[in-house]
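What follows is a single structure, written as structure tokens, with notes after it.
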Amino acid sequence: MQHKVTKAIFPVAGLGTRFLPATKSVPKEIMTLVDRPLVQYAIDEARAAGIKEFIFVTSRGKGALEDYFDHAPTLERELESKGKDELLATLKSTYMDSGEIAYIRQHRALGLGHAVWCARRLIGNEPFAVMLPDDVISADVPCLKQMVDAYAETGGNMVAAMEVPQDKTSSYGILDVAEDKGSIVQVKGMVEKPKVEDAPSNLAVIGRYILSPKVLDNLDNASHGAGGEIQLTDAIAQEIGSSEGVHGLRFNGRRFDCGSKAGFLQATVAFGLERDDLKDDLQAYLDEVCGTRPLAG
10 MQHKVTKAIF
20 PVAGLGTRFL
30 PATKSVPKEI
40 MTLVDRPLVQ
50 YAIDEARAAG
60 IKEFIFVTSR
70 GKGALEDYFD
80 HAPTLERELE
90 SKGKDELLAT
100 LKSTYMDSGE
110 IAYIRQHRAL
120 GLGHAVWCAR
130 RLIGNEPFAV
140 MLPDDVISAD
150 VPCLKQMVDA
160 YAETGGNMVA
170 AMEVPQDKTS
180 SYGILDVAED
190 KGSIVQVKGM
200 VEKPKVEDAP
210 SNLAVIGRYI
220 LSPKVLDNLD
230 NASHGAGGEI
240 QLTDAIAQEI
250 GSSEGVHGLR
260 FNGRRFDCGS
270 KAGFLQATVA
280 FGLERDDLKD
290 DLQAYLDEVC
300 GTRPLAG
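What follows is the structure, given as structure tokens:
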């Protein structure tokens with residue numbers, strides 16, 4: 010019988026150097042899109058997919074991330090006394106119960122595969138999800154929920170996938186597809202950041218995974234891969250051809266790369282335009298900017 014996916018690993022040990030000087034004192038994961046931190050979008054998506062245990066792989070200087078999920082009794086009392094019930098409900102939605110969340114330190118920056126491996130003792134012999142908060146996905150059905158539903162049919166290992174321009178393939182893990190069934194593809198190979206001319210497709214892996222515990226065994230003996238890091242892609246690729254296999258899911262939704270400044274700004278605008286309390290003013294400003302900006306050329 011197939012186990013349900015109830016545990017998720019959130020690798021958040023990166024220094025966020027592309028967002029300096031802000032990330033000198035503020036972990037990138039709690040920088041806000043409109044008024045919600047990046048990590049809150051990931052947590053909400055995980056909860057919608059049935060995740061019950063949240064494992065954060067952190068590093069030195071991430072104390073503010075831990076504080077974000079803690080209870081805030083002083084602020085709670087202040088909001089209660091002023092009758093700000095809506096804000097109080099928003100505050101309480103950020104709380105994590107004792108035992109629901111765990112923090113593991115990654116002491117050396119050895120890559121995504123190593124970060125996932127650091128959480129191995131909390132995973133045990135169960136399938137688990139991996140979510141990268143930098144990848145924020147706007148979707149009617151949350152991306153990880155789409156994956157959990159598809160995983161119920163396929164089992165094994167599953168990665169979220171999207172088509173990217175051919176000239177961008179060197180920035181991603183790329184799938185070599187054995188069979189294309191539409192939304193689900195069967196994978197026969199995975200290449201981490203190939204040269205553009207060597208990419209087997211333009212179907213890229215993005216920051217959502219459902220993995221078998223066998224991947225953790227593969228990481229036990231992993232060698233350094235692309236960029237001198239321990240690559241999660243390499244450990245997943247070892248399961249291709251096994252009884253469980255590897256599948257990719259073309260998810261429905263729009264992905265924003267919030268690890269880049271441009272992607273972060275694009276997501277801020279997109280999520281702002283979805284807000285009833287902001288969209289009119291924001292759209293009017295965008296119309297004004299677009300109307301006054303000189304035409305290229």
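Per the numbering used here, the sequence shown starts with residue 10, numbered consecutively. Ideal placement from N, C-alpha and C gives every residue a C-beta, glycine not left out. For clarity, every value in this text was computed on a predicted model and none was experimentally measured.
Short of 6 Å in beta carbon distance, which residues of its chain neighbour residue i, apart from the five on each side in sequence? Order them along the chain.
i      : result
Val200 : Ile183
Ile64  : Ile18, Ala111, Ala128 and Leu131
Give the DSSP-derived three-state secondary structure of residue i in the structure shown.
i      : result
Thr67  : strand
His123 : helix
Gly306 : Note that Gly306 scores a pLDDT of 47, beneath 50, so its modelled location is shaky; the value from the coordinates is reported in the next line. Looking at Gly306 - three-state DSSP - the assignment turns out to be coil, as it is neither helix nor strand.
Val43  : coil
Pro136 : coil
Ala246 : helix
Phe260 : coil
Met156 : helix
Ala293 : helix
Asp143 : coil
Val150 : coil
Pro30  : coil
Taking the CB atoms as reference points, tell me whether residue i and residue j lie closer together than 9 Å.
i      : j      : result
Leu212 : Gly257 : yes
Ile113 : Ala128 : yes
Gly133 : Pro222 : yes
Pro209 : Asp185 : yes
Val145 : Ala276 : yes
Ser147 : Arg263 : yes
Ala169 : Val214 : yes
Val157 : Ala138 : yes
Val205 : Asp176 : yes
Gly59  : Thr15  : yes
Leu84  : Leu100 : yes
Under the criterion of a Cβ to heavy atom distance below 8 Å, does residue i qualify as lining the ligand GTP?
i     : result
Ser34 : Annotation note on the ligand GTP: not contained in the displayed structure, which lists no ligands.
Which same chain residues, not among the five before or five after residue i, have their C-beta less than 7 Å away from its C-beta?
i      : result
Ala124 : Pro20, Ala22, Val66 and Gln115
Excluding the five sequence neighbours on either side, which residues of its own chain have a C-beta within less than 8 Å of the C-beta of residue i, listed in chain order?
i     : result
Val48 : Phe19, Val21, Glu38, Ile39, Leu74, Tyr77 and Pro142
Can you tell me whether residue i is buried or exposed? The criterion is at least 16 other CB atoms within 10 Å of its CB, across all chains shown.
i      : result
Leu274 : exposed
Val298 : exposed
Glu54  : buried
Gly306 : Here Gly306 scores only 47 on pLDDT, less than 50, and its place in the model should not be relied on; the value that follows carries that caveat. With fewer than 16 other Cβ atoms within 10 Å, it is exposed.
Would you grab the beta carbon distance between residue i and residue j for me? Rounded to a whole angstrom, and I think it's under 8 Å.
i      : j      : result
Arg27  : Gly191 : Between Gly191 and Arg27 the Cβ distance is about 35 Å, and since that is not below 8 Å, they are no contact.
Val255 : Gly165 : 6 Å
His12  : Glu135 : 5 Å
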